[in-house]
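Participant: Handing you a structure now.
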Amino acid sequence: MAWGLLAHGERLAAGLILRLLYRIRVRGAENIPARGPALLIANHVSYLDPLLLRLCAQGPPRFVVNRSCVERLGAMAGLIGPILSAEGHEQQALEQVRAELLRGGVVGIFPEGDITPTGHVLLFRSDWESIAFATGAAVVPVHLDGLSGALWSYRDGELVERPPQLRMPVTVSFGRPLPPGTRAAEVREAILELAAEAAGLRFGPQDRLERRFIGMAKRRWRQLAIADSTGRELNFGRCLIAAMLLAGWLRRRAPAEPMIGIMLPATAGAALANFGVLLAGKTPVNLNFSAGREAMDAAIRQCGLKTILSARSFLEKARLEAPPGTVLLEDVSAGFRALGKLGVAAAARLAPSWLLARRYGGRSVDDTATVIFSSGSTAEPKGVVLSHRNIVSNIDSLRSIFRLRPDDRVIGVLPFFHVFGFTCTLCFPLTYGYAAIYHPNPTDARAIGELTARYRGTLLMATPTFFGQYLRRCEPEEFRTLRYAIAGGEKLPLSLARAFEEKFGVALLEGYGVTETSPVIAVNVPDLRPGEARLRTHKPGAVGRPIPGVAVRIVDASTGARLPVGSEGLLLVKGPCCMVGYLNQPERTREVFREGWYATADIGSLDEEGFLSITDRLSRFSKIGGEMVPHLRIEQAASEALDGAPCIVMATPDPGRGERLVVLYTRRDVSPAELWRRLQRSGLPKLWIPKQENLFFVEELPPPLPSGKLDLRRLRALAIETVRGRDTAQTG
135 MAWGLLAHGE RLAAGLILRL LYRIRVRGAE NIPARGPALL IANHVSYLDP
185 LLLRLCAQGP PRFVVNRSCV ERLGAMAGLI GPILSAEGHE QQALEQVRAE
235 LLRGGVVGIF PEGDITPTGH VLLFRSDWES IAFATGAAVV PVHLDGLSGA
285 LWSYRDGELV ERPPQLRMPV TVSFGRPLPP GTRAAEVREA ILELAAEAAG
335 LRFGPQDRLE RRFIGMAKRR WRQLAIADST GRELNFGRCL IAAMLLAGWL
385 RRRAPAEPMI GIMLPATAGA ALANFGVLLA GKTPVNLNFS AGREAMDAAI
435 RQCGLKTILS ARSFLEKARL EAPPGTVLLE DVSAGFRALG KLGVAAAARL
485 APSWLLARRY GGRSVDDTAT VIFSSGSTAE PKGVVLSHRN IVSNIDSLRS
535 IFRLRPDDRV IGVLPFFHVF GFTCTLCFPL TYGYAAIYHP NPTDARAIGE
585 LTARYRGTLL MATPTFFGQY LRRCEPEEFR TLRYAIAGGE KLPLSLARAF
635 EEKFGVALLE GYGVTETSPV IAVNVPDLRP GEARLRTHKP GAVGRPIPGV
685 AVRIVDASTG ARLPVGSEGL LLVKGPCCMV GYLNQPERTR EVFREGWYAT
735 ADIGSLDEEG FLSITDRLSR FSKIGGEMVP HLRIEQAASE ALDGAPCIVM
785 ATPDPGRGER LVVLYTRRDV SPAELWRRLQ RSGLPKLWIP KQENLFFVEE
835 LPPPLPSGKL DLRRLRALAI ETVRGRDTAQ TG
């Protein structure tokens, strides 16, 4: 039956069904064309997408869909006036689109070709471009948000056959019409920007971290939640009880203190302390005890911390002096009376989740969830304020793109004062119901290998520096159960990725993020169907596609002008993961936001498939001879010339030219003259190659920061000291 002749009752029934399934919000309704010719170009998340757009759009648009969509919709397919695009007959469908547009009609197209299996907006087909141009049709970008994991969409690689819940919040965004000559890649970017704006609208008070933790603990009471290398193990029920006990104590001890410091390594105790602080309605601030007393005191002062949680065993082992206001968890635990613990345990087990959330959960998703102080790898540490919305949006996006199982276990080796550790190895597993296994020293490869084997770890996240140590010191059997190994924090060498996969049989996936984005911006995901280009989600050398709900833009670093696909420039990011701002530094916050986009200070590019590549940090470029010279490119060439030996490129002051490039390397049997000759043959532009006199062998380079990042401040100091020593020797 043609859609125009459908009975009014059938259309009404379809609308009622959709409104029962979803709470629908429409944005940009003024951009919906009342009449054509116009093309609605939309992302494709579920088989119900065309019906949903039909309900939201004015007039009667027709939709180009495949046979599986028509079969799923059954009798309701007539509502969308389907233009069938069968494999091998795409041209016939396009001719129908052309005819409809020439009649002044409105047609909806899903250029991904089929529904996305990961939540990513996949590669767009471009065969509609010429038709839009020839017919003069306006191109309207459309984004559907909130449908991933809903009825007839994919979750963990499987099609969802039953609604997981009713009245799921869904946002349909219509962007401003684009001119007929707009390319598919540009429309895709416009849709991703709509996605970033809509993603933050999903969340309400129930999406606070501690409320999600309460709900998950109630559902998975007896399941393992936390373990660490000391042998401590707790199920979700015991974790909830312990966190509630600490929350009650904090409310009595520090009722007026909005922030509580935590000075602990990544252990079960640190995880409980963080959620105890959250359940008390306060903000945990994990202090970087490895950054030195001066940096830690600055963080304490900026946050106004009066209470700091630590442990006697940790302070003694690390030989650290406790800051003023430090309270030892051993003493807190010893003060709990048996009757009080019994009452809290009974409440945790018997009270419904909503009641516990009212007692222990905060009220706003925009409250501060944590303050993370930057590692100080390039400048003085600064406090990054992250809200519950920031972090929850980030972990939700990660959950949508990975195929996870209830028995997955995260191996946590990064400190919680690093945002990667706080978000990905603390908040992510404990709010989604996966066990988290902690070890406080990410460089202790032997212990991490043994811990992964003992607990059958499936997800390991660390920096390439740490993965290099695991490659050398761990045995294949120890990582036998790993399903995901994700590297971030610095550039992943392709040689390391290849060697890791060859030894352990699991791909080492590169991701990228910064503290200010909570942190993940993009990450590679194993290809669902290897060899099928349309579904490609893993590209070695790139850091992956931006995660759902995050949009990126490449602009000229000087002018801010948007650059075309494939160009290198300054990377901007938009999405609900972007920070609230820098603590007590409104001017500095304004400097890094450009009309809602966060400027990362990283240089990158986007390719035609939407994969992001990071070239270097803006701060790691030198202007020589009027040209911007990237340090990372020189480091890669030098490392290859040294057969993988560690090296670093730094810029030091030069009285005549402003800056000089210095290479520090650790391979004793290669002389500076020989390294210089190899660099000459590397293919680097001559201008980029440092002078032979500025190539230096050093016994060792400073160790990485606890986060796994390069300690650029110490490296620069070493470079300056080395050059000064050479100059002094020459003049002497």
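Using the numbering used here, the first residue of the sequence shown is number 135, and each one after it goes up by one.
Don't be surprised by glycine CBs; every beta carbon is placed ideally from N, CA and C.
(1) For Ser756, which of Thr786, Leu706, Gly665, Arg232 has the nearest alpha-carbon?
(2) Over what stretch of residues does the beta strand (DSSP E) that includes Glu367 continue unbroken?
(3) Quick check for students: name the residue ranges of the beta strand (DSSP E) that lie wholly in the region 424 to 473, counting only runs of 3 or more.
(4) For Lys416, count neighbouring C-beta atoms within 10 Å of its own C-beta (all shown protein chains included) and say buried if the count is 16 or more, exposed if not.
(5) Hey, how far is the Cα of Trp286 from the Cα of Ile442?
(6) Determine the extent of the alpha helix (DSSP H) in which Leu548 is found, giving its start and end residues.
(7) Name the two residues that bound the continuous alpha helix (DSSP H) containing Ala332.
(8) By a C-beta neighbour count over all protein chains shown, 10 Å radius and 16 as the cutoff for buried, is Trp262 buried or exposed?
(9) In angstroms, rounded to a whole number, what distance separates the CA positions of Ala233 and Asn200?
(10) Could you tell me if Arg153 is buried or exposed, where buried requires 16 or more neighbouring beta carbons within 10 angstroms of its beta carbon?
(11) Should Ala268 go down as buried or exposed, given a rule of 16 or more other Cβ atoms within 10 Å for buried?
(12) For the alpha helix (DSSP H) containing Asp530, list its first residue and its last residue.
(13) Locate the beta strand (DSSP E) running through His277, then write down its first and last residues.
(14) Kindly give me the distance between the Cβ atoms of Glu492 and Glu464, rounded to whole angstroms, as I take these residues to be in contact under 8 Å.
(15) Per DSSP, what kind of secondary structure is Cys608 in: helix, strand or coil?
(16) How should Met135 be labelled, buried or exposed, when 16 other C-beta atoms within 10 angstroms of its C-beta is the threshold for buried?
(17) State the CB to CB distance for the pair Ser534 and Ala333, rounded to an integer number of angstroms; the pair is presumed to be in contact (CB under 8 Å).
(18) Can you list, in chain order, the residues of its chain whose CB lies under 8 Å from that of Pro339, leaving out five sequence neighbours each side?
(19) Check the C-beta distance from Val505 over to Ser652 and give it rounded, since I have them as a contact under 8 Å.
(20) Just verifying my parser: in three-state terms, what is the DSSP assignment at Asp341?
(21) Taking the alpha helix (DSSP H) that Asn408 belongs to, which residues open and close that run?
(22) Using C-beta distances below 7 Å, list every residue in its chain close to Pro399, excluding the 5 sequence neighbours before and after it, in chain order.
(23) State the CB to CB distance for the pair Ala570 and Gly546, rounded to an integer number of angstroms; the pair is presumed to be in contact (CB under 8 Å).
(24) Would you mind stating whether Asn177 and Val255 have Cβ atoms separated by less than 8 Å?
(25) Can you find at least 3 beta carbon pairs, one from the region 591 to 598 and one from the region 619 to 633, that sit closer than 8 Å?
(26) Based on DSSP bridge pairs, tell me the residues matched to Glu879.
(27) From which residue to which residue does the beta strand (DSSP E) around Cys781 run?
(28) Roughly how many whole angstroms lie between the Cα atoms of Glu855 and Leu439?
(29) Apart from the five residues just before and just after Val648, which ones in its own chain have a Cβ nearer than 6 Å to its Cβ?
(30) In this structure, does DSSP put Ser629 in helix, strand or coil?
Facilitator: Reading it off the structure:
(1) Considering only alpha carbons, the answer is Thr786.
(2) First-last of the beta strand (DSSP E) with Glu367: 367 to 369.
(3) You should have 442 to 444, 460 to 462.
(4) By the neighbour-count rule (16 or more Cβ atoms within 10 Å), Lys416 is buried.
(5) About 48 Å.
(6) For Leu548, no alpha helix (DSSP H) encloses it, and the DSSP letter there is neither H nor E.
(7) Under the DSSP assignment, Ala332 falls in the alpha helix (DSSP H) whose first and last residues are 318 to 333.
(8) Here Trp262 is buried, its C-beta having at least 16 other C-beta atoms within 10 Å.
(9) Ala233 and Asn200: Cα-Cα distance of roughly 19 Å.
(10) The residue is exposed, with fewer than 16 neighbouring Cβ atoms inside 10 Å.
(11) Under this definition Ala268 is an exposed residue.
(12) Per DSSP, the unbroken alpha helix (DSSP H) holding Asp530 starts and ends at 522 to 535.
(13) Annotation for His277: the continuous beta strand (DSSP E) segment containing it runs 272 to 279.
(14) Strictly speaking, residue 492 in this sequence is Arg, with Glu absent from that position. Wrong, their Cβ atoms sit about 31 Å apart, outside the cutoff.
(15) In the three-state scheme derived from DSSP, where H, G and I count as helix and E and B as strand, Cys608 is classed as coil.
(16) Here the model assigns Met135 a pLDDT of 37, short of 50, so the residue's position is not dependable, and the following value carries that caveat. Label assigned to Met135: exposed.
(17) Rounded to the nearest angstrom, the Cβ distance from Ser534 to Ala333 is 11 Å, too far for a contact under 8 Å.
(18) A distance below 8 Å between beta-carbons, with the five flanking residues on each side excluded, links Pro339 to the following residues of its chain, in chain order: Arg345, Gly495, Gly496, Arg497, Ser498, Val499.
(19) That belief does not hold up - the Cβ atoms of Val505 and Ser652 are roughly 12 Å apart, past 8 Å.
(20) Secondary structure of Asp341 (DSSP, three-state): helix.
(21) Residues 402 to 413.
(22) Once the five neighbours on either side are set aside, the close Cβ partners of Pro399 are Phe448, Pro549, Pro574.
(23) Rounded, the Cβ-Cβ distance is 5 Å, consistent with contact.
(24) Result yes, Cβ atoms of Asn177 and Val255 sit closer than 8 Å.
(25) Verdict: yes, contact present.
(26) In the structure as shown, the chain starts at 135 and stops at 866, and residue 879 therefore has no counterpart that could be examined.
(27) Annotation: the continuous beta strand (DSSP E) that includes Cys781 extends over 781 to 788.
(28) Distance between the alpha carbons of Glu855 and Leu439: 37 Å.
(29) In its chain, beyond the 5 residues on either side, Thr734 have a beta carbon closer than 6 Å to the beta carbon of Val648.
(30) DSSP places Ser629 in helix when its eight states are reduced to three.
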